[in-house]
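Plus 22 on top of the position in the sequence shown (first one is 1) and you've got this note's numbering.
Think of the CB as a built atom: it goes at the ideal place given N, C-alpha and C, for glycine as much as any other residue.
Please read these numbers as outputs of a predicted model, since none were measured by experiment.
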Amino acid sequence: LLVSAVENSDSGSLEVWISNDHFKPREGVVRWKVVSTAGDSGSSGNVQFKIAGSRSKKIKTVDLRQDLQKIGPRNTLVSLSLEVDGEVVSTNFTTYVRPKHVTLEEPLITTKVKDVGDNTFEVALQASKPALWVWPDLPGTQATYSDRFFHLLGKTGCTVTVAPWEPMNLRQVEEALVVSSLRDTYQL
């Protein structure tokens, strides 16, 4: 299952789409939330859905004109999540301008690392402002990551599991860990 969106900056609308690659019908809920690049919340909502197997369909058109007028197209981010049986199975986000035109602020990403045994560590990440295409890294160390590129939108966090290929202790991981986002690639 995949949630996606088609934004129209002229009308201020957002079409919410679902694709179901399963052969069987599925049902659940899609949630959306507007967030400014400063981290302020805008409108939000949800819609229940049922979709046949091997189909894609538009399930809702949302009017976000007020958010766009208040926040501005360059500062408006919309996060989407699709839940089945209370579990998030797909997330996405969209903007009303090309990503290179989004006015991102310094996200101030914080981390908390926890040793969960067997040379595996959970890294909890939190950002004070939206951070796009976030990626954790242990430079010079090969490791397996449960998620390598993701977005931190709003005040929500994310936990990533990191398993270095060579033995490391908690202190070594904390000292080596580098977290970057799209904003870190800017030439300021």
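Beta-bridge analysis with DSSP links residue 153 to 174. Taking every protein chain shown into account, the CB of residue 42 has 16 or more other CB atoms within 10 angstroms, so this residue is buried. By the C-beta density criterion, residue 69 is exposed, having fewer than 16 other C-beta atoms within 10 angstroms. Only exposed fits residue 49, as fewer than 16 other CB atoms lie within 10 angstroms of its CB. Across the set 122, 107, 101, the C-alpha of 101 shows the shortest separation from the C-alpha of residue 113.
Boundaries of the beta strand (DSSP E) around residue 70: 63–73.
Residue pairing by DSSP leaves residue 47 without any beta bridge partner. By the beta-carbon neighbour count (other beta carbons within 10 angstroms, threshold 16), residue 123 is exposed. In this structure, DSSP gives residue 84 an extended state, which the three-state scheme calls strand.
No Cβ-Cβ contact shorter than 8 Å links residue 178 with residue 168. Taking C-beta atoms as the reference points, residue 73 and residue 47 count as a pair closer than 8 Å.
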